[in-house]
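Notes follow once the structure below has been shown.
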Amino acid sequence: MSGSARTLPPAPALVPMAQIRCEVGELVSLGPGKHGERRYVPLGGGTVVGPELNGRLVEGGVDWQVNRADGVLDIAAHYVIRADDGALIEVQSDGMRHGAPEVMARLAGGEPVAAHEYFFRTLIRFTTGAPAWVHLNKVMALAVGQRQASLVLLDVYRIT
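Mapping of the sequence shown onto numbering that gives the first Met the number 0: position 143 corresponds to residue 142, and the numbering continues sequentially without gaps.
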């Protein structure tokens, strides 16, 4: 439709799934890379609580990051949830975090920073073979994150 404006349909709904509370270890820097500083954060245990998913995080996940020259932190986290029934669910979470330089400096220093002061979003995909949870293989979710000194909070919403 060239030359004319087209009205978009309503946006997909977001349905609350769970809140993930993930313990994080010390940041490890691999130094400068071709796209920015390459680094990772080891992920510890944690909890998953919500209307659609409950369980615990399995220790051993990793949050791979690139701290880009433009101030954006690219995030690629990979971890496992053990649901309350014992089923294992793989999680791949890709996104970004950015904000005003002074806000990001406070975060890096371990200071408390309100979630509305910066942008922290990831797109989550799940993989499992557990019959009770196989429906998650067809789910895409949006997480709104908040970084604390030794914890990451993710409010996870299923995209309809």
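The beta-carbon is built from N, C-alpha and C at its ideal position, and this holds for glycine as well.
Query raised in the report: So, helix, strand or coil for Ala113, using DSSP?
Result: The three-state secondary structure of Ala113, taken from DSSP, is coil.
Query - For Pro100, three-class secondary structure by DSSP - result: Residue state for Pro100 is assigned as helix, using DSSP reduced to three classes.
Requested in this report: Kindly list the residues whose CB is nearer than 7 Å to the CB of Leu141, restricted to its own chain and excluding five residues on each side of it in sequence; keep chain order.
Outcome: Answer for Leu141: Leu13, Arg120, Leu122, Tyr156 and Ile158, listed in chain order.
**Report entry** Residue closest to Gly35, alpha-carbon to alpha-carbon, out of Asp154, Glu58, Trp63 and Pro11
**Finding:** Proximity to Gly35 across Asp154, Glu58, Trp63 and Pro11 peaks at Trp63, based on C-alpha coordinates.
Query raised in the report: Leaving out the 5 sequence neighbours to the left and right, which residues in its chain are closer than 6 Å to Ala75 when beta-carbon positions are compared?
Result: Closer than 6 Å at the Cβ level, and outside the excluded window around Ala75, lie Trp63 and Asp93.
Query raised in the report: So what does DSSP say about Arg105, is it helix, strand or coil?
Result: Helix, per DSSP.
Query raised in the report: Would you call the segment 13-28 and the segment 37-54 touching, i.e. three or more CB-CB distances under 8 Å?
Result: Yes, since at least three Cβ pairs between the segment 13-28 and the segment 37-54 fall closer than 8 Å, the two stretches touch.
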